[in-house]
Every structure is written in C-alpha cells, then in structure tokens.
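For the sequence shown, our numbering assigns the number 1 to the initial residue and increments by one for each residue that follows.
The structure under discussion appears below in the form of structure tokens.
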Amino acid sequence: MDVIFPIVYGTLGEDGSIPDQNGEILVNEINTLQGFTNISMYPKIWEASGLTYTNLITRLIELAIEYHQNQIKLQHSVF
Numbered sequence: 001m002d003v004i005f006p007i008v009y010g011t012l013g014e015d016g017s018i019p020d021q022n023g024e025i026l027v028n029e030i031n032t033l034q035g036f037t038n039i040s041m042y043p044k045i046w047e048a049s050g051l052t053y054t055n056l057i058t059r060l061i062e063l064a065i066e067y068h069q070n071q072i073k074l075q076h077s078v079f
C-alpha cells in the first residue's frame, strides 16, 4: 500500500478511502463516477467485503460531509 496509494493519489487525485476492519486501505474501482446499479461492481465489491449497500451509502455520505467540513475549516484558517 505504501507504493500503490501515492501512485493512485498522485496520478488521479483520489483522496477518499475507507480502511477495512483490519486497518488496510483497499483501492477499489477508480472512476470519476462509480456505478450504483444492481449490476455495478462497486457496491458488489464492498458487499463482498462485508459492507452492505445501505452502510456503503451512509459511509459515503458521512465522508462527503466530513470532507466538506474540513474544506470549510481550511478556508477559514487561511483568511
């Protein structure tokens, strides 16, 4: 992971990741817009790892809110 994550982050600008229960960071489907249909691999891969569709959506929303709040803090700390 020490080798893969900097490449993914540096090349694609990806900064969202969810550590699994063992603390490992998994690189899933790198897309600008992941599919969320009943045949999409993105939710299926997470479900196979133990994260249900509902919990996945909840976690993604939580991460988006957290990211937004951090961006606001950064803006206020600069000005």
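All residues carry an ideal CB built from backbone N, CA and C; glycine is no exception.
- In the displayed model, Leu-51 falls within coil according to three-state DSSP, outside both helix and strand.
- The beta carbons of Tyr-53 and Glu-47 sit closer together than 8 Å.
- One thing to note: Pro-43 has its Cβ no nearer than 8 Å to the Cβ of Leu-60.
- Asn-38 and Leu-51 have their C-alpha atoms some 15 Å from each other.
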